[in-house]
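Residue numbers 151 to 501, in our numbering, belong to the letters of the sequence shown in order.
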Amino acid sequence: MSGDHHGNLTERTGQLYFEQVAAGGFSSQPAVPALIKKWKNLFEPILRLSENEALRFLIDAGKCLELMDDLFTDHSLSAVTKMVRGASNDIATYRPAGKLRGWSLNLSVSGTGHYNCIRRELFAEPGDMVLLSPDAMYDYRRAQHASHWTHDWVYFQPDSRILDWLNWPEVGPHIYHLKAPDADYPAIKALFESTLDFDPLADSRSEALLLNIIEQIFIRCARFSAPAGSDPTDSRITNAMNYINSNLEKSLTVEDIAQHVQLSKTRLSSMFKARTGSTLISWREERRIAKASRLLTRTTLQIQEISKQIGYEDPLYFSRTFSRLVGCSPRIYRQSRQATVNQFDNAILKS
Numbered sequence: 151m152s153g154d155h156h157g158n159l160t161e162r163t164g165q166l167y168f169e170q171v172a173a174g175g176f177s178s179q180p181a182v183p184a185l186i187k188k189w190k191n192l193f194e195p196i197l198r199l200s201e202n203e204a205l206r207f208l209i210d211a212g213k214c215l216e217l218m219d220d221l222f223t224d225h226s227l228s229a230v231t232k233m234v235r236g237a238s239n240d241i242a243t244y245r246p247a248g249k250l251r252g253w254s255l256n257l258s259v260s261g262t263g264h265y266n267c268i269r270r271e272l273f274a275e276p277g278d279m280v281l282l283s284p285d286a287m288y289d290y291r292r293a294q295h296a297s298h299w300t301h302d303w304v305y306f307q308p309d310s311r312i313l314d315w316l317n318w319p320e321v322g323p324h325i326y327h328l329k330a331p332d333a334d335y336p337a338i339k340a341l342f343e344s345t346l347d348f349d350p351l352a353d354s355r356s357e358a359l360l361l362n363i364i365e366q367i368f369i370r371c372a373r374f375s376a377p378a379g380s381d382p383t384d385s386r387i388t389n390a391m392n393y394i395n396s397n398l399e400k401s402l403t404v405e406d407i408a409q410h411v412q413l414s415k416t417r418l419s420s421m422f423k424a425r426t427g428s429t430l431i432s433w434r435e436e437r438r439i440a441k442a443s444r445l446l447t448r449t450t451l452q453i454q455e456i457s458k459q460i461g462y463e464d465p466l467y468f469s470r471t472f473s474r475l476v477g478c479s480p481r482i483y484r485q486s487r488q489a490t491v492n493q494f495d496n497a498i499l500k501s
């Protein structure tokens, strides 16, 4: 099967990937029963697939691989992915239904990619870097107007040293974007390319070297990423973020959060604004809505139940907040997601 959730892997990683599929990893995917129901008549009793239908099947099967990331969460990996219009791997990459432990960092090197960051869209061109945290809800693909999109990527388990350098602007909940200046882009691209020299599955030294290069990428980016007056190394802001994320369903006040990190309300609010460009309450709302988007897309829970799970006792207030941040109601969002995917797939097949 061409393409995968994270792109073109090293030979050894690819072998492990298909061993996982053969061992039952594919059949355990939540969308596989619907895939079988849709395509069974064209496979049994004899194979009756046309070339066009075969391409459509590969696209549908690719979209089923949402939980295969469990294979990689204990390792750091790197590769290059090229999506070409009409190819079987020209499919969208979705935030998996299960929470990941690793982070993904993408560098666009040619063509144009399209990221749906929930509250805004981002078109990534050469030099654009997008960092996706374990809690991000997103999808990305080749931009429809582009003939191709190539991006280098690294998937890694960050230690505190790497995260200490993270002070990138947010373009969506748990999604960060940075544009490399022309003067810095060649060096950053060279660092991404050098990650391909190591097979982190071979031995611990290779993975340590790969993480060292990833840290170099973040250190170099820190030269042009930090807003004036912010302190990317202040752990109290990170602690505040973690506290909010762990208690999204609770109605924490600014005072509650300030007490937890042992700062005054005024000091915390000022530092948080400098770090994120957002207030504490607005930042929490965005993360609540990100979680709601995931539940709307990946579950059949009633909207009222989703509202309660993310801390909104009033479903109407939840719907208004969702509409303000996303641009449509929760119900329309749920209905439109699959329609958008199908429209994109049809465009591929007609190109």
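By construction, the Cβ of each residue, glycine as well, lies at the ideal position given by its N, Cα and C atoms. Since the model is a prediction, treat every value here as computed from it, not as a measurement.
Proximal residues to residue i (C-beta, below 6 Å), its chain only, five neighbours per side dropped
i: Cys-478; result: none
i: Ser-297; result: Arg-235
i: Met-233; result: Asp-240, Arg-292 and Trp-299
i: Asp-278; result: Ser-258 and Lys-329
i: Arg-484; result: Leu-446
Inter-residue spacing [alpha-carbon to alpha-carbon] between residue i and residue j
i: Arg-434; j: Trp-253; result: 20 Å
i: Arg-270; j: Gly-322; result: 7 Å
i: Arg-444; j: Arg-438; result: 10 Å
i: Thr-450; j: Ala-184; result: 15 Å
i: Met-287; j: Asn-266; result: 9 Å
i: Trp-318; j: Leu-328; result: 6 Å
i: Glu-436; j: Leu-316; result: 19 Å
i: Leu-361; j: Tyr-326; result: 19 Å
i: Asn-256; j: Asp-334; result: 16 Å
i: Ser-310; j: Ile-268; result: 28 Å
i: Ile-186; j: Asp-289; result: 24 Å
i: Thr-471; j: Lys-458; result: 14 Å
i: Arg-355; j: Arg-448; result: 38 Å
i: Thr-431; j: Pro-331; result: Correcting the residue type first, residue 431 is Ile in the shown sequence and not Thr. About 32 Å.
i: Ile-482; j: Ser-473; result: 10 Å
i: Asn-389; j: Phe-193; result: 53 Å
i: Phe-374; j: Leu-199; result: 52 Å
i: Asp-406; j: Asp-314; result: 25 Å
i: Pro-308; j: Asn-191; result: 46 Å
i: Phe-273; j: His-225; result: 29 Å
i: Leu-346; j: Glu-357; result: 11 Å
i: Ile-196; j: Ala-242; result: 30 Å
Enclosing alpha helix (DSSP H) for residue i [first to last residue]
i: Glu-365; result: 354-375
i: Lys-458; result: 453-459
i: Ile-186; result: 182-193
i: Leu-341; result: 335-344
i: His-325; result: Before going further, note that residue 325 is Ile rather than His in the sequence given. It is not in any alpha helix (DSSP H) - Ile-325 instead sits in the beta strand (DSSP E) that spans 325-329.
i: Asn-392; result: 385-396
i: Asp-314; result: 310-314
i: Phe-472; result: 465-476
Closer than 7 Å: residue i CB and nearest the ligand MG heavy atom
i: Ser-297; result: Ligands are entirely absent from the displayed structure, and the ligand MG is therefore not among its contents.
Continuous beta strand (DSSP E) stretch holding residue i: start and end
i: His-410; result: Run containing His-410: none in the beta strand (DSSP E); it sits in the alpha helix (DSSP H), 404-411.
i: Glu-320; result: 320-322
8 Å contact criterion, which residue i and residue j should meet: CB distance rounded
i: Asp-285; j: Asn-392; result: The pair is not a contact, with the Cβ atoms about 11 Å apart (cut-off 8 Å).
i: Trp-303; j: Ser-228; result: 7 Å
i: Val-259; j: Lys-339; result: 6 Å
i: His-324; j: Ala-440; result: 7 Å
i: Ala-408; j: Lys-400; result: Not really, about 15 Å apart at Cβ, beyond 8 Å.
i: Leu-398; j: Ile-456; result: That pair is no contact at about 12 Å.
i: His-301; j: Thr-231; result: 6 Å
i: Phe-348; j: Leu-359; result: 5 Å
Chain-order list of residues whose beta-carbon lies under 8 Å from that of residue i (same chain, five-residue window excluded)
i: Gln-454; result: Pro-465
i: Arg-386; result: Val-411, Gln-412, Leu-413, Leu-418 and Met-421
i: Asp-384; result: Met-421 and Arg-425
i: Ala-337; result: Arg-370
i: Ser-283; result: Trp-253, His-324, Ile-325 and Tyr-326
i: Ser-486; result: Cys-478
i: Ser-428; result: Glu-320, Phe-422 and Glu-436
i: Val-476; result: Ile-268, Arg-269, Ile-439, Ser-443 and Tyr-483
7 Å Cβ shell around residue i - same chain, five flanking residues per side excluded
i: Ile-312; result: Ile-364, Glu-365 and Phe-368
i: Thr-426; result: Glu-320 and Trp-433
i: Glu-275; result: Ser-258 and Thr-262
i: Ser-469; result: Ser-479 and Pro-480
i: Leu-281; result: Trp-253, Leu-255, Trp-318 and Tyr-326
i: Phe-306; result: Ser-226, Gly-252, Trp-253, Leu-361 and Ile-364
Cutoff 8 Å: residue i Cβ touching any chain C Cβ
i: Leu-413; result: The structure shown has no chain C; it contains just one protein chain.
- Item | Ranges of the beta strand (DSSP E) found wholly within the stretch 225-298, counting only runs of at least 3 | 227-234, 253-261, 263-266, 271-274, 278-282 and 289-292
- Message: Quick check on the DSSP output: what are the complete alpha helix (DSSP H) runs of length 4 or more inside the stretch 419-455, in order along the chain?
- Response: 430-448
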